[in-house]
Each structure stands twice: as structure tokens, then as C-alpha cells.
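**Q**
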Amino acid sequence: MKSFETPIERRGADLAGKKEKTLHRRLSRQTRENIFGYLFISPWIIGFLGLTLGPLLFSLFASFTDYNITSRMNFIGLDNFKRMFTIDDLFKTSLWNTLYYVLFSVPLTTAGAIFLSVLLNQKVKGMKFFRTLYYLPAILSGVAVYFLWMQLLSPSTGLVNTFLAWFGIEGPAWLFDPEWTKPALLLMKMWSVGGGMLLYLASLQGVSNSLYEAADLDGAGVMQKFIYITLPMISPIIFFDVLTSTIGSFQIFQEAYVMTENGSGGPGNSLLFYNLHMWNNAFEVFDMGYASAMAWLLFIVVMILTIINMKIGKKWVHYEGGDDK
Amino acid sequence: MKKGLLFIISAFLLMGTLAGCSGESAQAEKTKDGKVVVDFWSFWGSETRRPIIEKIIDDFNRSQDEVFVKHTYLPWGDIWTKNLASVAAGNPADVIINDINSVGQRAENGQSEDLSKYIDDSFKDQFYPHLWETVMYEDKAYAVPFNTDTRLLFYNKDAFKEAGIDPEKPPATWTELEEYAEKLDVKNGDRYERVGFYPLWGSIGAASWMTSADGGKGFIQDGKLYINTPKKQEALQWLLGWKERLGEKTVQSFEAEFGSEQSNPFIAGKVAMWVDIGTFYTQIRDYGNDMNFGVAPIPAYEEGSGNWSDGGGFVAEIPKGAKHPEEAMKFIEYLTGPEAQKYWAMKNYDNVANKEAAEAVVKELKGDDQYVYEATVKNLDQTQLFPVPTQYPDYQNRINPHIDNVLLGKTKPEKALEKAEEDVKKLKKN
Chain A
1 MKSFETPIER RGADLAGKKE KTLHRRLSRQ TRENIFGYLF ISPWIIGFLG
51 LTLGPLLFSL FASFTDYNIT SRMNFIGLDN FKRMFTIDDL FKTSLWNTLY
101 YVLFSVPLTT AGAIFLSVLL NQKVKGMKFF RTLYYLPAIL SGVAVYFLWM
151 QLLSPSTGLV NTFLAWFGIE GPAWLFDPEW TKPALLLMKM WSVGGGMLLY
201 LASLQGVSNS LYEAADLDGA GVMQKFIYIT LPMISPIIFF DVLTSTIGSF
251 QIFQEAYVMT ENGSGGPGNS LLFYNLHMWN NAFEVFDMGY ASAMAWLLFI
301 VVMILTIINM KIGKKWVHYE GGDDK
Chain B
1 MKKGLLFIIS AFLLMGTLAG CSGESAQAEK TKDGKVVVDF WSFWGSETRR
51 PIIEKIIDDF NRSQDEVFVK HTYLPWGDIW TKNLASVAAG NPADVIINDI
101 NSVGQRAENG QSEDLSKYID DSFKDQFYPH LWETVMYEDK AYAVPFNTDT
151 RLLFYNKDAF KEAGIDPEKP PATWTELEEY AEKLDVKNGD RYERVGFYPL
201 WGSIGAASWM TSADGGKGFI QDGKLYINTP KKQEALQWLL GWKERLGEKT
251 VQSFEAEFGS EQSNPFIAGK VAMWVDIGTF YTQIRDYGND MNFGVAPIPA
301 YEEGSGNWSD GGGFVAEIPK GAKHPEEAMK FIEYLTGPEA QKYWAMKNYD
351 NVANKEAAEA VVKELKGDDQ YVYEATVKNL DQTQLFPVPT QYPDYQNRIN
401 PHIDNVLLGK TKPEKALEKA EEDVKKLKKN
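Same order as they appear, the protein sequences are chains A and B.
Under UniProt numbering, think of the first position of the first sequence as 1, with each following residue one higher.
Under UniProt numbering, think of the first position of the second sequence as 1, with each following residue one higher.
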């Protein structure tokens, strides 16, 4: 046992002891909290490791093999990737179809949604009704909509061509003519821009009126106000929309699968999109290794495009918060 | 230390779930009275089919002391992926109904069990030979045929009379088909009110006509390619001729209406001759208002070249790694035996693989039921199956776009088929 000479010394030693104790207790509490934290999120962690990261890494590995799910898994290096560019002609077709679709659908749906939201942002009586009306298509779910559009686009009896006939225009055969299948899908996509419209509408209402008032005082016209105030103010949402719809458009699958006979790719393979071709390889001929390789290539393509988008985005996206963060 | 703990926790949780899984399957292996449970997967879940297959299973179960079959219904499409996953995981069903044309593909990929040790000649002789051929892979049987189909020409007898054609003399060759079709067309100005015939409507495609012209030789036979042959070019040109005669617009607008499947154009009287599978008759029977129709084999390319038809169907097989193959085989034997097959055929109006059963059904049916069924059974002699060649699993997807392009007037048949053959060659797997 120690003996202390002075009260001060004793006090100092007590403090040190206390400090040590609390420090120890706090540490263990932190650890305990960490443990509980991990426990609470463990369903997600296990799900993520087992159902997302695991399969992801597995498919990365599989992309270098001739994996067929049941009996084969030989390492074949880059053969799958070589095959895409040398042997598999449908790969090029599918990539081209997908790029075509992305190139048109992203700008069209974005512009369409902005246009609609600006219209629906006017202060007119009964606006709520119109907003509901234009948003309505967005709540209808996939397959039902595709079947509906297959009827609408029917060459002789469909509503679209009947409507065109009123103006003396002979409508195309839409889903039966390889030249018109993709435009037909774009038309269908345009019909359901309501989801994007809602986003823009919300952000439009966040644009401060004082900006427009100031512009009015300076004598700015409607177009000028739109280009110099509205667009920059909602640019973060445009950026978000362009980014997500680009990624989404690359993944187009359902439409083509449902609207072409058993996912065959439509007339002249004009609707054979990348994911459809990949699906056919994976689940029709069980070439899982090759399908995995295709998936990873698409991943790389989309990632590069997203990075480019982010880089360009810095130039035109206006963040009100000030520094670009 | 944190990581260690995390690891332990997740390991425990993971073990828990795994134990849960294995516990379940161990339980299911025997019934309470000690019968071995055979898990049978099918996609027959519809209101009409489910009771039929379950009655067959019931009958089997009642006759057994040692085996109990449990039916698991899985939706069409899902069933194949689920089967693959379960084979890969080593815990598959004991019996599964699968597509007849890909038996070889599954055998090659190690997805199904070799059944040859259970099978002798007398068992094999129960089935139509063209079906039995498709279940063989490298001289071993990997499945047992269950049902099949065949295509016939359905024709509207009233329309024949109206056009002055003897309704008891259906067209027998392509030339006759063309002659008849022209007589049967009904036009109102530029619009067709009735089309006599169009070869790509119904349950038949360009490939079948091309095969028929080539004396029944398909695109790939015994590992050799016969895609770009003079007869196939000719057939393609012939198909294009039909399209040109009717006009692109007529064809497309008719097709768009079939797409909705609200009413069949043959039954509605809009098309006078129509190629379809035997069971199409049930639609005529149920919705045709006593339509006066006849059936005939698909017309031959020329006299004596054969009234070839395509066929498909399903087989019963044992997935690779099934726990009770012997018991499973007992059930397959019953399922493909005369009794169960006859019941299935009578109730579903389906063509079955068992010869004895098919003949018994012909005898038992009456009237039109019998007339059409007998025609389908006879037609099986001229029906060919085109199993997916293991070396070129994806060949159809390569050929079809080229055929599409010809029919769209974008290229000539010779060019298209030459390119198609090149494309398929590139696919070859060693």
C-alpha cells in the first residue's frame, strides 16, 4: 500500500485513478455500443455480404470462366470478352440498340418532364387536376402498360394510328417494323414522364420569387427568365435525373422482353437490347460465364459514362450552397 | 477484436439459417408411415391441368407402399431457373417436367441423370420413335417423353364451298395451296375481308416451310449445317411471294389483331386456312359456334416430298444429384405408362408420347373429337423434332434476323442465308 505525504498528493492520485476508471468504462461502453450497432445492422450486413457482394464477386470471377451453372467452370481468361467483339454479332446489335435508346430516351424524357413541369407550375385554376392527370401514367405498373401500348400501337386498329389518320397521316407499323420499334418504345416512355415531372415541379416551386422579380425589373423576357434563372436553379435536379435515367435506360429489359415474342428481340432484332441479349445467354443457353462478362462490361461502360457525367456536371450544375460540394 | 466479434456473430446467424434449411429437407425425405417422398416439379398449375396431374399422382400414391409423390407447382419459366439453381446446390427435385428439345443440352451440361440403367427395349418401345430419339444423348437416355404436339392444316369447309372448292379435297401441295388461297381471298376494294392463307400465321414459322422444301432436312442435322441450301432459298423466296401478294400492310394489320388474342382469325372466319397444333381444335369446339371445318396434313412442297410438321413436347427427367432416383423412376414409369397417359390425353386433348395410350384415346373419342385426334396421331409419323444441337445452342437467334430481313425486303434469300450460315458457323462450340 502506498502512503501519501500530503493531501494534495493524495488528491492527485485519486483523480488519476478516477480518470483511469472513467476512461476504461467509456471505452467498454463504446465497444459495447459498437457491438450492439453491428448487431442491429447485421441483417443488412449479412444480406449485403451474402446476397450482393458475394454474388457480385462471384460473377466477376465467373466472367473469366466458361461457367454453365451445373457442370463446368474452367478458367478461360479473357476469352469471353474477346468473344463479344469478334464472334458474337448480336453483341454489337444489342449494344447499338441500347445506345440508340439511351441517346434518345434520356434527352427526350428529361426535356419532356421539364416542359410539363413548367406548364404545370403556372397559376391557373384547376391545376391540381392537371397535375394528377399527367402524373397518373407513372403509377401504372410495367407489364400492364406494355400490353396497353401494344394495343395502342396496333398498325390498323390502334388508337395512335387512328389519331394520325385524322390528319391524313398513314401511321407506321410501329412494333412490326424494325425501323419503328425503338421510336415506339420512346413514345411509350414519353407517356410516363410523370415521375420526373413531379421532381421538377417540386424544385421549381423552390425557386425564389425574388429572382424573377429582380429579372422583371431588369426587363427580362419569359425565355430569358427560363434560361437564366429557372434552368440554373433546377440544374441539380436535372443533373440527378439525367444521371439516374441514363443508368436506368442502359438497363432496359422488361419492355423488350414483354413486347417481343418470348424475348426474341423483335423484328430483325431491332429490340434486342443489351440486357435482353445477356438474359438470353444466361437463361436460354446457360452460358453464365459469358453473360457475367457481358454484365461486367456494361457495368464498366455505365461507370465511365457516369464519371464523365459527373465531370461535365460540375460545369453546368449550379449549387446554391456556394462552394461546389 | 471488433472484427472478430462481428465475424462470430455473423457466423452464428449464418449457421442458424443453414441449419434451418437442412433440417427442413431432412424432414421431407420420408412420410410418417415410412414412405420415401419423391418431390415432383411441374408447371401444371392451371385450373384445368392441376386436378388432372394431381389425380394421376393420387392414383400412383394409392398403389404404392414405399413411395409417396409430392407435387410442387412452379410457374412456367421459373421452374427451369429454380431447377438449375437446385442442381447446382445439390438439392434438386426427384422428378421434373422439362422441355423435350433441350434434353441433350441438359445431359451435356450435367443437369440430368442418365436413366439408361432403368430402361430396357420393351420400355422404350412404348413410345413414338421420333420422341425417343430426342431423349438420347451419346447413346444413353436422359429423360422419358411425356407429351408432344404436331401441326395440321385447319380449313374452313363453308369457305371452300363458297369459293367452289370441294371441301373434302384439302390442298396437298404448295402449288395447290396457292391456288386455293387465291380463290378463298375475299377483297373489298383494297382491303382484305378474308385472307385465304398466309404461311407464317398460326403455329408455324419460316423454318418449318424451309425444312419441308428441303425434304424434311432441318438447319442442322448430325452436326452439319444445311442453312444455305437451294431449296431453303427457294422456300424463303416463296414465303416472300405470299407477303408481296397480300401486301405488307395487310399482313401487318392482320398480325396486330392476332396479337391481342381476343378472337382467333380462323375461328372468326377472317382466314380460311390455318396451320396449328392439334389442341387448337378445342378452341374451335368451344368458341366456334359449330364451325364446319376440316383438318389435313400440312401441304407438301411437291408431290411425295413429305407433309413435314414440327413438333415439341415435354419429358419427365431426374435432375442430377436427386436423392431418390430409383423411386423417382418408378413414378416416371407410371407417369409415362398407358394408364396415366390415356387419362392425361382424354382430359387435356393432348398428344401423348405413349403409343398404346394414344391409340386407346382414338378409339374412345367420338365425333369431331375423334376425327381431329386421329389426324394428329397419324400425323406424328411425319412430325420431326429439332432438338437444340449442343454445338450450336443459340443457332435460331442467329438465323431468324436474317429471315426477318428477307421478309422485310431488305436482302435477297441467297445473301441472307449465306450470312446466316456464316453466323452460325462462328458459334460452333468444341
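Quick reminder that beta carbons are idealized off the backbone N, C-alpha and C, glycines included.
All of these numbers come straight from a predicted model, not from anything done at the bench.
For my contact list, proline 155(A) and phenylalanine 176(A) are in at a C-beta cut-off of 8 Å; report their separation, rounded to the angstrom.
**A** Counting from one through the first sequence, the residue named residue 155(A) turns up at place 155. Counting from one through the first sequence, the residue named residue 176(A) turns up at place 176. That belief holds up - the Cβ atoms of proline 155(A) and phenylalanine 176(A) are roughly 6 Å apart, short of 8 Å.
**Q** Hey, out of Pro199(B), Gly321(B) and Tyr180(B), whose CA is closest to asparagine 91(B)'s CA?
**A** Mapped onto the second sequence, residue 91(B) falls at position 91. The residue with the shortest Cα to Cα distance from asparagine 91(B) is Gly321(B).
**Q** Around the Cβ of glycine 196(B), are there at least 16 other Cβ atoms within 10 angstroms (buried) or fewer (exposed)?
**A** Locating residue 196(B) in the second sequence gives position 196, where the first residue counts as 1. Answer is buried; the Cβ neighbour count reaches 16.
**Q** Looking at chain B, is there any beta carbon in it that lies within less than 8 Å of the beta carbon of asparagine 80(A)?
**A** For the purposes of this step, residue 80(A) is taken as residue 80 along the first sequence, with counting starting at 1. Taking Cβ atoms only, chain B never reaches closer than 8 Å to asparagine 80(A), which makes this a no.
**Q** Quick check: the Cα distance between glutamine 224(A) and tyrosine 146(A), rounded to an integer number of angstroms?
**A** Here residue 224(A) refers to the residue found at position 224 of the first sequence. Here residue 146(A) refers to the residue found at position 146 of the first sequence. Rounded to the nearest angstrom, the two C-alpha atoms are 39 Å apart.
**Q** Determine the extent of the beta strand (DSSP E) in which glycine 294(B) is found, giving its start and end residues.
**A** Your numbering for residue 294(B) matches position 294 in the second sequence. Element bounds for glycine 294(B): 293-297.
**Q** Under 8 Å by Cβ, that's how I've got proline 338(B) and alanine 360(B) pegged, so tell me the actual separation to the nearest angstrom.
**A** The residue you call residue 338(B) lines up with position 338 of the second sequence. The residue you call residue 360(B) lines up with position 360 of the second sequence. About 7 Å; that satisfies the 8 Å criterion.
**Q** Pick from Asn264(B), Lys270(B), Leu365(B) and Lys426(B): whose alpha carbon is nearest that of aspartate 276(B)?
**A** Here residue 276(B) refers to the residue found at position 276 when the second sequence is read from its first residue. Cα-wise, what sits closest to aspartate 276(B) is Asn264(B).
**Q** Given that glutamine 370(B) touches chain A, what residues does it touch there, using C-beta distances under 8 Å?
**A** Sequence index remark: in the second sequence, residue 370(B) carries index 370 (1-based). Those do not exist, as glutamine 370(B) stays about 33 Å from chain A at its closest Cβ, beyond 8 Å.
**Q** Arginine 194(B) lies in the beta strand (DSSP E); which residues open and close that run?
**A** The count along the second sequence starts at 1 and reaches residue 194(B) at position 194. 191-194 is the extent of the beta strand (DSSP E) around arginine 194(B).
**Q** Shortest alpha-carbon distance to phenylalanine 293(B) belongs to which of Phe154(B), Ile52(B) and Val87(B)?
**A** Counting from one through the second sequence, the residue named residue 293(B) turns up at place 293. Nearest C-alpha to phenylalanine 293(B): Phe154(B).
**Q** Tell me whether proline 145(B) sits in a helix, a strand or coil according to DSSP, three-state version.
**A** Counting from 1 along the second sequence, the entry for residue 145(B) is found at position 145. Of the three classes helix, strand and coil, the one that applies to proline 145(B) here is strand, per DSSP.
**Q** Is glycine 263(A) near tryptophan 279(A), with beta carbons less than 8 Å apart?
**A** Residue mapping note: residue 263(A) aligns to position 263 of the first sequence, counting from 1. Residue mapping note: residue 279(A) aligns to position 279 of the first sequence, counting from 1. Yes, these two residues count as a Cβ contact at 8 Å.
**Q** Asparagine 188(B) lies in the beta strand (DSSP E); which residues open and close that run?
**A** As a first step, residue 188(B) must be located in the second sequence, where it is residue number 188. Start and end: 186-188.
**Q** Identify the residues that DSSP records as bridge partners of lysine 232(B): which are they?
**A** Against the second sequence, residue 232(B) aligns to sequence position 232. Bridge partners of lysine 232(B): none, in fact.
**Q** Looking at serine 59(A) and alanine 295(A), is the spacing between their C-beta atoms short of 8 Å?
**A** Counted from its first residue, the first sequence places residue 295(A) at position 295. Counted from its first residue, the first sequence places residue 59(A) at position 59. In this structure, serine 59(A) lies closer than 8 Å to alanine 295(A) by Cβ.
**Q** Taking DSSP's pairing of strands, which residues face residue 436(B) in a bridge?
**A** Absent from the structure is residue 436(B), since the part of chain B shown begins at 1 and ends at 430.
**Q** What three-state label does DSSP hand lysine 30(B) in the structure shown?
**A** For the purposes of this step, residue 30(B) is taken as the residue at position 30 of the second sequence. Residue state, collapsed to three classes: strand.
**Q** Here's a check: name, in chain order, each residue in its chain whose Cβ is nearer than 7 Å to the Cβ of isoleucine 165(B), leaving out the five neighbours to either side.
**A** Counting from 1 along the second sequence, the entry for residue 165(B) is found at position 165. For isoleucine 165(B), where only same-chain residues beyond five positions count, the Cβ hits under 7 Å are Tyr180 and Lys183.
**Q** Give me, in chain order, the residues of the same chain whose beta-carbon lies closer than 6 Å to that of tryptophan 180(A); leave out the 5 immediate sequence neighbours on both sides.
**A** Residue numbering aside, residue 180(A) sits at position 180 when the first sequence is read from its first letter. Pro172 and Trp174, listed in sequence order.
**Q** Express the C-alpha separation of leucine 427(B) and lysine 82(B) in angstroms, rounding to a whole number.
**A** Your numbering for residue 82(B) matches position 82 in the second sequence. Your numbering for residue 427(B) matches position 427 in the second sequence. The alpha-carbon atoms of lysine 82(B) and leucine 427(B) are separated by roughly 27 Å.
**Q** Taking the alpha-carbon positions, what's the leucine 103(A) to leucine 305(A) distance?
**A** Residue 103(A) sits at position 103 when you count from the first residue of the first sequence. Residue 305(A) sits at position 305 when you count from the first residue of the first sequence. Their Cα atoms are separated by approximately 12 Å.
**Q** Closer than 7 Å by beta-carbon distance: list the chain B residues that pair up with aspartate 89(A), in chain order.
**A** Residue 89(A) sits at position 89 when you count from the first residue of the first sequence. Here the neighbours are Asp423.
**Q** Skipping 5 residues on each side, what residues in its chain have a beta carbon closer than 8 Å to that of lysine 30(B)?
**A** To locate residue 30(B), count along the second sequence from 1; it is residue 30. The residues are Val36 and Val37.
**Q** Mind checking glycine 47(A): buried by the 16 CB within 10 Å criterion, or exposed?
**A** As a first step, residue 47(A) is located in the first sequence; it is residue number 47 there, counting from the start. Exposed, by the Cβ-count rule.
**Q** Within 8 Å of any Cβ in chain B, is that where the Cβ of asparagine 309(A) sits?
**A** As a position in the first sequence, residue 309(A) is number 309, starting the count at 1. False, the Cβ-Cβ gap to chain B never drops below 8 Å.
**Q** Residues of the stretch 68-93 of chain B in Cβ contact with chain A at a cutoff of 7 Å, in chain order, please.
**A** Hits within the stretch, in order: Thr81, Leu84, Val87 and Ala88.
**Q** In the DSSP assignment, find the beta strand (DSSP E) that holds threonine 383(B) and state where it starts and stops.
**A** For the purposes of this step, residue 383(B) is identified with residue 383 of the second sequence, where counting begins at 1. Start and end: 383-385.
**Q** Counting C-beta neighbours from all protein chains within 10 Å, is the total for histidine 402(B) 16 or more, i.e. buried, or is it exposed?
**A** Looking up residue 402(B) in the second sequence gives position 402. That one is buried.
**Q** For tyrosine 200(A), I'd like the list of residues in its chain whose CB is within less than 7 Å of its CB, leaving aside the five on either flank, ordered along the chain.
**A** Here residue 200(A) is taken as the residue at index 200 of the first sequence, counted from 1. Counting only Cβ-Cβ distances below 7 Å, and skipping sequence neighbours, we find Ala113, Ile114, Ser117, Ile234 and Ile237.
**Q** Is the CB-CB distance between serine 71(A) and phenylalanine 273(A) below 8 Å?
**A** Here residue 71(A) corresponds to residue number 71 of the first sequence, with the count starting at 1. Here residue 273(A) corresponds to residue number 273 of the first sequence, with the count starting at 1. Against a cut-off of 8 Å, the Cβ pair of phenylalanine 273(A) and serine 71(A) comes out as no contact.
**Q** Tell me which residues share the same chain as serine 245(A) and place their Cβ nearer than 8 Å to its Cβ, disregarding the 5 neighbours each side in the sequence.
**A** On the first sequence, residue 245(A) is found 245 positions in, with the first residue counted as 1. If we look at serine 245(A) and ignore the five residues flanking it on each side, its Cβ neighbours are Ser105, Val106, Thr109, Thr110 and Gly196.
**Q** Output, in sequence order along the chain, the residues in the stretch 181-198 of chain B whose CB is closer than 7 Å to any CB in chain A.
**A** Within the stretch 181-198 of chain B, no residue qualifies.
**Q** Between which two residues does the beta strand (DSSP E) carrying leucine 152(B) extend?
**A** Residue numbering aside, residue 152(B) sits at position 152 when the second sequence is read from its first letter. Segment 151-156, the beta strand (DSSP E) holding leucine 152(B).
**Q** At the 8 Å Cβ level, is lysine 314(A) part of the contact set with chain B, yes or no?
**A** The sequence position of residue 314(A) within the first sequence is 314, counting from 1. For lysine 314(A), the answer is no, since every Cβ of chain B falls outside 8 Å of its Cβ.
**Q** Skipping 5 residues on each side, what residues in its chain have a beta carbon closer than 7 Å to that of valine 251(B)?
**A** Numbered from 1 along the second sequence, position 251 holds the residue referred to as residue 251(B). If we look at valine 251(B) and ignore the five residues flanking it on each side, its Cβ neighbours are Tyr198 and Lys243.
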